[in-house]
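Asker:
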Amino acid sequence: MQKTDFFNVGAAVLLALAAAPPAAVAQTAAEKATVDAAKAAGVVGEQADGFLGFVKPGDAAQQAAVASINAGRAQLYREAAAENKVSAAAAGASAFTNVIQGRVKPGEYYKPANGGWTRK
């Protein structure tokens, strides 16, 4: 896959995330709020595979919200992968690249491939 294709897949995934109704990404407003607060507190961050991960242990509500949102992302990555003839892993990694560029706020954490948690 060429670099431009990689970014196009990521952009397609992000557009799907923005346009999809909450049920399509298995995310409720409460789950999103829980994860947003956990990101702001340095508990949850974005990982290179396109999924949320724990920077440090989270509580039960945070764990449930992360699991639900990750399940929705997995579905979107499978759909984007099928449409773009790439693997779901490539779609998730491409989405991560776009998320780091535009959605991770200063002070929040992300985890690049083969790296540790990094604060933006």
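If you want our numbering, it's the 1-based position in the sequence shown plus 10.
Yeah, the Cβ is synthetic: ideal placement off N, Cα and C, and Gly gets one too.
Within the same chain, show all residues whose beta-carbon is closer than 8 angstroms to that of THR14, passing over the 5 residues directly before and after it, in chain order.
Answerer: For the purposes of this step, residue 14 is taken as the residue at position 4 of the sequence shown. Since pLDDT at THR14 reaches only 48, below the 50 mark, its modelled position is unreliable, and the value read off the structure follows with that caveat. Excluding sequence neighbours, THR14 sits near nothing in its chain.
Asker: What's the call for LYS49, buried or exposed, on a 16-neighbour Cβ count within 10 Å?
Answerer: Taking the first residue of the sequence shown as 1, we reach residue 49 at position 39. Buried, because 16 or more other Cβ atoms sit within 10 Å of the Cβ of LYS49.
Asker: For VAL54, which residues does DSSP report across the bridge?
Answerer: For the purposes of this step, residue 54 is identified with residue 44 of the sequence shown, where counting begins at 1. Per DSSP, PHE64.
Asker: If you draw a straight line from the alpha carbon of ILE79 to that of LEU62, how long is it in whole angstroms?
Answerer: As a working note, residue 79 is residue 69 in the sequence shown. As a working note, residue 62 is residue 52 in the sequence shown. Straight-line Cα distance between these residues: approximately 8 angstroms.
Asker: THR128 to VAL65, Cα distance in whole Å?
Answerer: In the sequence shown, residue 128 corresponds to position 118, counting from 1. In the sequence shown, residue 65 corresponds to position 55, counting from 1. Distance between the alpha carbons of THR128 and VAL65 is about 9 angstroms.
Asker: What is the rounded straight-line gap between the Cα of LYS130 and the Cα of LYS115?
Answerer: As a working note, residue 130 is residue 120 in the sequence shown. As a working note, residue 115 is residue 105 in the sequence shown. Rounded to whole angstroms, LYS130 to LYS115 spans 7 angstroms at the Cα level.
Asker: Output needed for GLY125: all residues of its chain with C-beta closer than 8 angstroms, excluding positions within five of it in sequence on either side, in chain order.
Answerer: Working through the sequence shown from its first residue, we reach residue 125 at position 115. Within the same chain, GLY125 has close Cβ partners ALA58.
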